[in-house]
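Asker:
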Ligand SMILES: Cc1cc2nc3c(=O)[nH]c(=O)nc-3n(C[C@H](O)[C@H](O)[C@H](O)COP(=O)(O)O)c2cc1C
């Protein structure tokens, strides 16, 4: 698992090659198995690879979203900031990285526009749009993170 964690970083340049429906479904399987509070599983996921892909990308602030061959839309039944969704999305990011695919969590988009394009009911919130595909960049990268010494203490703060 640490291999996938080390490999994963946000990818913002994608190759055009598409991913098969089977592979994309397996990525969603990783999300399906994620933990949630009281196991409520307050989510739904939409895979967008067809004509709506450009329309959803058009609702996102960043242009790179349009490059990805597939978009996974993570929906919450609770709120746009439902922490349960973060666990499911983490599963997706790591499963994708383990298989050599690039991803990026995108939260900058016009939610109303995404909902309209995808016909999402009013009681669902768009938690994130996650572009998925083969990275055009090197998947191995260093992680710009705080050092352990500055975030870890033992026994007390
Ligand atoms: C909750 C959340 C929201 C994010 N939103 C965006 C976003 O809208 N656009 C983007 O390009 N990256 C977004 N990111 C990616 C972060 O910028 C990225 O994870 C962070 O800089 C660490 O880099 P790494 O993912 O390459 O390790 C988001 C990440 C998280 C966890």
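In full-length UniProt numbering, the protein residues as written are 1 to 157.
All residues carry an ideal CB built from backbone N, CA and C; glycine is no exception.
Please read all numbers here as calculations on a predicted model, not as lab measurements.
Which residue wins for smallest C-alpha separation from residue 34, given the options 18, 92, 47?
Answerer: 92
Asker: Return the residue from the list 55, 30, 125, 148 that minimises the CA-CA distance to residue 79.
Answerer: 125
Asker: According to DSSP, what are the bridge partners of residue 71?
Answerer: 48, 131
Asker: List the residues that DSSP assigns as beta-bridge partners of residue 125.
Answerer: Answer is 76.
Asker: So, at 7 Å on beta carbons, what are the nonlocal neighbours of residue 16 in its own chain, with the 5 sequence-adjacent residues on each side left out?
Answerer: 69
Asker: Return the Cβ separation of residue 117 and residue 56 in integer angstroms, given the expectation that the two are a contact with Cβ distance under 8 Å.
Answerer: 6 Å
Asker: Which whole-angstrom value is the C-beta distance of residue 5 and residue 85, which I expect to be below 8 Å?
Answerer: That belief does not hold up - the Cβ atoms of residue 5 and residue 85 are roughly 19 Å apart, past 8 Å.
Asker: For residue 1, I'd like the list of residues in its chain whose CB is within less than 6 Å of its CB, leaving aside the five on either flank, ordered along the chain.
Answerer: none
Asker: Can you tell me which residues fall inside 5 Å of ligand 1, judged by beta-carbon distance to its nearest heavy atom, and keep chain order?
Answerer: 9, 10, 105, 106, 107, 108
Asker: Quick one, are the C-beta atoms of residue 75 and residue 109 less than 8 Å apart?
Answerer: no
Asker: Which runs of the beta strand (DSSP E), 3 residues or longer, sit entirely within the region 16-65?
Answerer: 43-48
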